[in-house]
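Numbering (this note's numbering), first residue to last: 913 to 1222.
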């Protein structure tokens, strides 16, 4: 009995979500095996072998696997699937792209966004924007899961000494090809990995005000910048800053929400944060129901005062 974790990586380093998926895999029972599918990815494979809790790393290399195309990675996973009881991936854009294809090819039902593993066949996942938790029991011979990274602690990146084994790469199906990638570069921490996040809402009124008010606070705290969907839709902040059910799920040590009312879709993306601070002039704002510290004040006054006090 073994559990396969699909590693998310850039051929050199593992992405943080893979470590959370390894922790989830250890709770499924059996040996944990990590698949590193890529090209020239020996550095990523060695990084996977060093992760605590990993028993073995299998490496598949081929030019068509270099860029993590979902069709190619899914085909590689399916070729290996018969040896595993569970197949896991982090519930990131990568995992959500690969695992549905794997489940379809194996003709099994995927269990998405798992937040707890009760038994080898029983899992918990949020529904209705996190307002209810469903307990799902799967009778499929192979369980295909995506795991919410914020629900599981990251496995230690050192301390392991797993064996590394090469496997044959499946042939390229030719169904997709890599054209290009535009990567946003920022000096700030990546949103889903940040320990502190400062988010702004529609109350900021404009992109100019968003930058004028929120950026100095983020700079002072060394924080990543986030935004509500309303702020993103209004053009105050870019799409990749969106926190919520249709954005990014985050659980930093500190989350500061400024001018965010707290729609359930936003709360679903940040309510697992360790400490939540809300600044809003509306005393009835739903954000206060999840906040550890709430300040009923005009953010245009309170945030500059907070910056000067820090």
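Beta carbons: idealized from backbone N, C-alpha and C, even for Gly. All figures in this text were calculated on a predicted structure; none of them were measured in a lab.
Going by DSSP in three states, residue 1120 sits in which element: helix, strand or coil?
Of the three classes helix, strand and coil, the one that applies to residue 1120 here is helix, per DSSP.
Going by the DSSP bridge assignment, what does residue 1110 pair with across the sheet?
Answer by DSSP bridge pairing, in chain order: 1137, 1168.
Assuming residue 1078 is part of the beta strand (DSSP E), what are its boundary residues?
Note, residue 1078: beta strand (DSSP E), 1075-1079.
Tell me which same chain residues have a C-beta within less than 6 Å of the C-beta of residue 1185, skipping the five on either side of it?
These residues qualify, in order along the chain: 1163, 1164, 1167.
In terms of residues, what are the limits of the beta strand (DSSP E) holding residue 1035?
Residue 1035 -> beta strand (DSSP E) spans 1034-1039.
Closer than 8 Å is the cut-off here; do at least three beta carbon pairs connect the region 920-931 with the region 959-973?
Taking 8 Å as the limit for Cβ pairs, the verdict is that the region 959-973 does touch the region 920-931.
Looking at the strands, I want to know which residues DSSP matches up with residue 998.
Checking the DSSP bridge columns, you'll see residue 998 partnered with 915, 1055.
When the distance is taken between beta carbons, is residue 978 closer than 9 Å to residue 950?
Contact check for residue 950 against residue 978 passes: the beta carbons are separated by less than 9 Å.
Classify residue 1060: buried if its beta carbon has 16 or more other beta carbons within 10 angstroms, exposed otherwise.
By the 10 Å Cβ count, residue 1060 comes out buried.
If you draw a straight line from the C-alpha of residue 1199 to the C-alpha of residue 1153, how long is it?
About 18 Å.
3 or more residues per run - each beta strand (DSSP E) lying fully within the region 929-976
Fully enclosed beta strand (DSSP E) runs of 3 or longer: 943-950, 968-973.
Is it the case that the Cβ atoms of residue 916 and residue 963 are separated by a distance below 9 Å?
One thing to note: residue 916 has its Cβ no nearer than 9 Å to the Cβ of residue 963.
What is the DSSP secondary structure of residue 1132, reduced to helix, strand or coil?
Here residue 1132 sits in helix by DSSP.
Between the beta-carbon of residue 973 and the beta-carbon of residue 1007, is there less than 9 Å?
Inclusion of residue 973 and residue 1007 in the CB contact set at 9 Å is not warranted, their separation being larger than that value.
Using only CA atoms, which one of 920, 1048, 1096 lies nearest to residue 1003?
Residue 920 holds the alpha-carbon nearest to the alpha-carbon of residue 1003 among 920, 1048, 1096.
Who does residue 921 pair with in a DSSP beta bridge?
According to DSSP, residue 921 bridges with 926.
With distances taken Cα to Cα, identify the nearest neighbour of residue 1169 among 1125, 965, 1095.
Taking the Cα of residue 1169 as reference, the smallest distance to any Cα among 1125, 965, 1095 is reached at 1125.
Is residue 1104 helix, strand or coil when you go by DSSP?
Assigned with DSSP and collapsed to three states, residue 1104 falls in helix.
With 16 as the cutoff for other CB atoms within 10 Å, does residue 1029 come out buried or exposed?
By the C-beta density criterion, residue 1029 is buried, having at least 16 other C-beta atoms within 10 angstroms.
Which runs of the alpha helix (DSSP H) spanning at least 4 residues fall entirely within the region 1156-1218, listed in chain order?
Counting only unbroken stretches of 4 or more residues, the alpha helix (DSSP H) elements lying wholly within the region 1156-1218 are 1176-1182, in sequence order.
I'd like to check one pair, residue 1161 with residue 1041: are the Cβ atoms closer than 9 Å?
It is not a contact, given that the beta carbons lie outside the stated cut-off.
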